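Encoded as structure tokens, the structure appears first; notes follow it.
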Amino acid sequence: MAPRRATGASPTIGHLLSAKEIVIACGPGGVGKTTTAAAVAAMAAAEHGGRVLVLTVDPARRLADALGLQGIGNAEVRIDDEVFKQAGITPRGELWAAMLDTKQSWDDLIRRHAPDVATRDQILANPLYQNISGRFVQSHDYIAMERLYEIHSEGKYDLIVVDTPPTRNALDFLDAPQRLADFFSSRLLRWLIVPYRSRLVNAATKPFYSVADRILGTQFLADISEFFILFQSMYEGFVTRSDAVTRLLSDRRTTFMVVSTLEATPLREAEFFSTELTARKLHLGAIILNKVLPDYLRDSSTARLAQHMADQVDALAEGLTDEPVVAARVLKEVAESFLHFGIVARREAEQQNELKGAPDILVTVPFFDADIYDMGGLIRLGQQVWD
Amino acid sequence: VSAPAPDLLQLKLVFVTGKGGVGKTTVAAALAQLAAEHGKRVLACEVDAKGDLAALFEAAPTNFVPREIAPGVAAMSMDTEASLREYLKLHLRIPIVGRIGPLAKAFDFVATAAPGVREILTVGKLCYEVRERHYDLVVVDAPASGHIIGQLAAPQAINDLVKVGLIRSQTDWMLDILSDAQKTGLVAVTTPEEMPVNETLELTTRVRDETTVRLSAVVVNRVLPELFGQREEEVFEQLRTPESEAVLSERAGGSVAPVLEAARLAVTMRRTGAGHLQRLQAGLPPDLPVLLLPEMFTRTHGLRTTHQMAQSLGEELGH
Chain A
1 MAPRRATGAS PTIGHLLSAK EIVIACGPGG VGKTTTAAAV AAMAAAEHGG
51 RVLVLTVDPA RRLADALGLQ GIGNAEVRID DEVFKQAGIT PRGELWAAML
101 DTKQSWDDLI RRHAPDVATR DQILANPLYQ NISGRFVQSH DYIAMERLYE
151 IHSEGKYDLI VVDTPPTRNA LDFLDAPQRL ADFFSSRLLR WLIVPYRSRL
201 VNAATKPFYS VADRILGTQF LADISEFFIL FQSMYEGFVT RSDAVTRLLS
251 DRRTTFMVVS TLEATPLREA EFFSTELTAR KLHLGAIILN KVLPDYLRDS
301 STARLAQHMA DQVDALAEGL TDEPVVAARV LKEVAESFLH FGIVARREAE
351 QQNELKGAPD ILVTVPFFDA DIYDMGGLIR LGQQVWD
Chain B
388 VSAPAPDLLQ LKLVFVTGKG GVGKTTVAAA LAQLAAEHGK RVLACEVDAK
438 GDLAALFEAA PTNFVPREIA PGVAAMSMDT EASLREYLKL HLRIPIVGRI
488 GPLAKAFDFV ATAAPGVREI LTVGKLCYEV RERHYDLVVV DAPASGHIIG
538 QLAAPQAIND LVKVGLIRSQ TDWMLDILSD AQKTGLVAVT TPEEMPVNET
588 LELTTRVRDE TTVRLSAVVV NRVLPELFGQ REEEVFEQLR TPESEAVLSE
638 RAGGSVAPVL EAARLAVTMR RTGAGHLQRL QAGLPPDLPV LLLPEMFTRT
688 HGLRTTHQMA QSLGEELGH
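Going down the list, the sequences are from chains A and B. Anchor point for the first sequence: position 78 equals 78 in this note's numbering, and the numbering is continuous, going up by one each time. Anchor point for the second sequence: position 76 equals 463 in this note's numbering, and the numbering is continuous, going up by one each time.
Encoded structure:
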């Protein structure tokens, strides 16, 4: 599918970000999503000015190091301009960073929504709550979006770049607010809570409780009930918030940036994700493909040359070095290596061509020789993506 | 001091995990294939079914009912609701179940309300297959390393929450199977790259501290071949000088520059990877087997690659 072009210059990530307030970096795990999000945020702070926040879920030491931080915590911290200067850049704006701490964020949320101190303390002490906030996978997805909403509504930042949690299903975090709202409004939930409130169990519902009791045990059921009775006091707040979060995701100030590599599995996930975003009428702003092998590996005349080299290494190596036998061996390895990587490069290029639902902006980032460990590295990556 | 890790093929239940994108499904498929080649009846289970495991055997996507997809290899995909249905049918024999409304709705409720329910139904089904000895080895293409802890720790977590009742009696026997290092093991798959190595090291600690399952091996996937030794590398540098390059291009009948450049890139990639591999090995317990699987320079991933990977895995295990 031919990319749709805006009138005039072809769209770039830099251009896209200049008109947005929220960028959500999403995609499969292990493709450099966190680093890409940080690089894009650093570029936005450097080039556009204003206050830019990168909200990461990855506690990687390296990212903290690259940003010149001791560590990244739940609270937002500003990146020292000195860190940019060391990379040879005078930023026009400010770069801030925060990490998502699920447990901490849930506790904050309870503190904010609880109607009174007693309810707050009871919820925080409830074993089920502790389990949900600490371990429950979906709670991570929900809280990421909740935190984004909170920060955005405070209006402190011009641009927020979000690195999404690695989810089982890449879309879980999109559904999390709605799922939570549905859950709190469910009839079953109210059903379960009733008897522990009124101790009145009627003939129609009794079988359900006796089964539930047998499966889960009375104490556990009581814990569940206590938890949800307490939580009901915050029900309105939660549902209203979930709706607001869902609206924010589809707002025109929000865009999604899908990050992937050209390997089969991640690319398939990224493609699925892009299609789903479009189906949900969410704005797919860009696809970024990381770790792309250089074009020259796919050149067919060079491949023929490499094959030719592999077939006559002795003649090629003759007289070039003091060790013709070693030189022949080296040339054989060199030629075969080219052919091997050529297979991978062609496979990946084919996959890129087959990529469906391509957005306006599709950026490929070449394979970097070294790992990114400082601001200079982030900016180098950022520049590859930016224009 | 613990006993040496048993051979992977001697185990009854193996969870294969790893950071997304490192090839854990490929390794799970290779392990299943290798075990089948050793005459074992294998059940391969995809937990987050995307159909990738079946595709590696060039078979149609699987469902909850195991189906043979290769000689000796049956495959299924986990469906927690089906698992609950099976469980209720086997253990409760309560006719009322049919009357408490659609099971799906009740299940959705319980699963959302009580964390760990989905996890326990997954682990429970796998342990059940082990206990009933329907198969010699159950290989699990488990959730990514971010989620595996929650799954493996679920029986213990439920045990802590639920003091009595049917579930409690169920988690006890599951824990027996999961805690037995001669029966159950975890395989962590990684690649020689920075983040996967970090995550693997972190996983090692968490598995030890938060679960009762033993880490049996670390598999490093996509290890690039070493092109040269030190002597070869010196010669390579001589061949890359402009004079030698010109002679080579002349003799080969075309510019060899991109071919030499590609080799330089391959050497750099290999060297970066070797650094991470070293860091991995330094951070792991010395008695933990680290198995290396080569990068596969193939057009597509299918049965042929699965067989090649099984062969490589077998060699690493000393079979």
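The beta carbon of each residue, even a glycine, is placed where N, CA and C say it ideally should be. A quick note: this is a predicted structure, and the numbers were derived from the prediction, not measured.
- The continuous stretches of beta strand (DSSP E) do not include residue 590 of chain B, which lies in the alpha helix (DSSP H) extending over residues 581 to 597.
- The CB of residue 296 of chain A comes closer than 8 Å to the CB of 645, 648 and 649 in chain B, given here in chain order.
- Counting C-beta pairs with one atom in each stretch, the stretch 566 to 581 of chain B and the stretch 618 to 637 of chain B have fewer than three that are closer than 8 Å, which means they do not touch.
- Listed in chain order, the beta strand (DSSP E) runs fully inside the stretch 2 to 87 of chain A are 22 to 26 and 51 to 56, counting runs of at least 3 residues.
- For the stretch 81 to 102 of chain A, no residue has a beta-carbon sitting nearer than 8 Å to a beta-carbon of chain B.
- Considering only beta carbons, the part of the stretch 333 to 353 of chain A lying closer than 7 Å to chain B consists of 333, 334, 335, 337, 338, 340, 341, 343, 344 and 347, in chain order.
- The stretch 281 to 290 of chain A and the stretch 29 to 38 of chain A touch, with three or more beta-carbon pairs separated by less than 8 Å.
- With respect to the C-alpha of residue 593 of chain B, the residue from B:451, B:437, B:557 and B:535 having the closest C-alpha is B:535.
- Residue 604 of chain B carries a strand assignment under DSSP once its states are collapsed to helix, strand and coil.
- The Cβ-Cβ distance between residue 682 of chain B and residue 607 of chain B does not fall below 8 Å.
- Residue 326 of chain A reaches chain B at 618, 619 and 622, counting residues in chain order whose Cβ is nearer than 7 Å.
- Across the structure, residue 143 of chain A and residue 225 of chain A are spaced so that their CA atoms are roughly 22 Å apart.
- It is roughly 12 Å from the alpha-carbon of residue 365 of chain A to the alpha-carbon of residue 295 of chain A.
- The C-alpha of residue 374 of chain A lies about 12 Å from the C-alpha of residue 82 of chain A.
- Close to chain B, meaning a Cβ-Cβ distance shorter than 9 Å, are the following residues of the stretch 305 to 322 of chain A: 305, 306, 308, 309, 312, 315, 316, 317, 318, 319, 320, 321 and 322.
- Nearest C-alpha to residue 473 of chain B among B:457, B:459, B:462 and B:452: B:452.
- Of all residues in the stretch 150 to 164 of chain A, none comes within less than 8 Å of chain B when Cβ atoms are compared.
- Ranked by Cα distance from residue 466 of chain B, the first of B:435, B:667, B:596 and B:655 is B:435.
- The residue among A:349, A:315 and A:110 with its C-alpha nearest the C-alpha of residue 241 of chain A is A:110.
- Under the three-state reduction of DSSP output, residue 253 of chain A falls in the coil class, being neither helix nor strand.
- The beta carbons of residue 146 of chain A and residue 245 of chain A sit about 6 Å from each other, so the pair counts as a contact at 8 Å.
- Under the Cβ criterion (8 Å, minimum of three pairs), the stretch 319 to 338 of chain A counts as touching the stretch 612 to 630 of chain B.
- The stretch 518 to 527 of chain B and the stretch 100 to 114 of chain A do not touch, with fewer than 3 CB-CB distances between them shorter than 8 Å.
- Counting every other CB atom within 10 Å of its CB across the protein chains shown gives residue 222 of chain A a total below 16, marking it as exposed.
- As the crow flies, the alpha-carbon of residue 590 of chain B is around 25 Å from that of residue 97 of chain A.
- About 24 Å separates the beta carbon of residue 256 of chain A from that of residue 79 of chain A, a gap too long to meet the 8 Å contact definition.
- Here residue 290 of chain A carries a strand assignment [DSSP, helix/strand/coil].
- Taking C-beta atoms as the reference points, residue 248 of chain A and residue 20 of chain A fail to come closer than 8 Å.
- Rounded to the nearest angstrom, the gap between the Cα atoms of residue 231 of chain A and residue 27 of chain A is 33 Å.
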